[in-house]
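Numbered according to the UniProt record's numbering, the sequence shown spans residues 1 to 88. Here's the structure we're looking at; comments come further down.
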Amino acid sequence: RPVNKKQGSDGEVTFLRYVGFKEETIKEGQERHIEYSLDLYKDMIEAGVAPEMARMVLPQNMMTSFWWSGSLDAFADMCKLRCKPDAQ
1 RPVNKKQGSD GEVTFLRYVG FKEETIKEGQ ERHIEYSLDL YKDMIEAGVA
51 PEMARMVLPQ NMMTSFWWSG SLDAFADMCK LRCKPDAQ
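Printed below as a string of structure tokens:
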């Protein structure tokens, strides 16, 4: 992991390697955690918890998909706003 986490820092980035785990162990632990999180999420949905509340137990690296609809006019307005040089 980077020693200096400052964004936009100049110079060489030094990485530290944590040697407490082997790569397989880390990968297996991650897979086990994701599987447990998905099971908990599904259990919460079945128990009647709102999906937006149940999602809080999912890891941040989970893939998501969503449907988006709107008019061509609305998309054009959004693109104009997002493409401005001062857009954040």
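Idealized CB from N, CA, C, for every residue including glycine.
{"Item": "Endpoints, the alpha helix (DSSP H) within which Met78 is located", "Value": "Leu72 to Arg82"}
{"Item": "Candidates Met62, Ala47 and Val49: closest to Ile34 by CA position", "Value": "Met62"}
{"Item": "Residue range of the unbroken alpha helix (DSSP H) whose run includes Met63", "Value": "First-last for Met63: undefined, no H or E at that position."}
{"Item": "Nearest residue (CA-CA) to Gln60, options Glu46, Lys84, Asp77 and Ser37", "Value": "Ser37"}
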